[in-house]
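For reference, the structure discussed in these notes is given below.
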Amino acid sequence: MMNEEQIEKSLDEHLRRNWEILKNLKEKGVELRSALKTEHLFMTPRQLEAGKLALTLEKKGFNIIEIEPAETKEGREGWAVVGEVEMTLEAAADPATAEELIKLAATFEARYEGWGAEVE
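The opening position of the sequence shown corresponds to residue 17 in our numbering, with each subsequent residue numbered one higher.
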């Protein structure tokens, strides 16, 4: 499980990335307050944690669209969990959302990798 220092470091990384994403979307004229389907990616070390995480995400209103073996950033074998939920881009990039999902992932020895959405 991630310790408090690792959680803070992960949150800082997400906040920087989210700020850049929102800045780029604003420059392209994308409406940040429109509700869209957003996809949130998590990586777990084992299938068991992936399943438990998916069940918890479903209870929070996420539609699980993927649970499959995947390679981590470090080149290790793991499991990817992708959950989809409708929210505004502002909400997806909100620090509170990132913190909640980072901490949720940590309870399953997982890592929250971030979010994405299809925009026009």
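Backbone N, C-alpha and C define an ideal beta-carbon position, used for all residues, glycine too.
Remember, predicted model here, so these are calculated numbers, not experimental data.
Which term fits residue i, buried or exposed, when burial requires 16 or more other beta carbons within 10 angstroms of its beta carbon?
i	result
Asn79	exposed
Arg92	exposed
Gly77	exposed
Ser50	exposed
Asn34	buried
Ala180	Residue coverage of the chain in this structure runs from 17 to 136, which leaves residue 180 outside it and unanswerable.
Arg32	exposed
What do you reckon, are the CB atoms on residue i and residue j nearer than 8 Å?
i	j	result
Ile118	Leu27	yes
Pro61	Glu125	yes
Thr54	Val97	no
Work out the CA separation of residue j and residue i for me, nearest whole Å.
i	j	result
Gly99	Asn40	24 Å
Thr88	Met59	7 Å
Leu52	Pro85	27 Å
Any idea what DSSP makes of residue i, helix, strand or coil?
i	result
Arg62	coil
Glu20	helix
Leu48	coil
Arg127	strand
Meets three-Cβ-pair contact criterion under 8 Å: the region 37 to 53 and the region 119 to 127: The answer is no - the region 119 to 127 does not touch the region 37 to 53, with fewer than three Cβ pairs under 8 Å.
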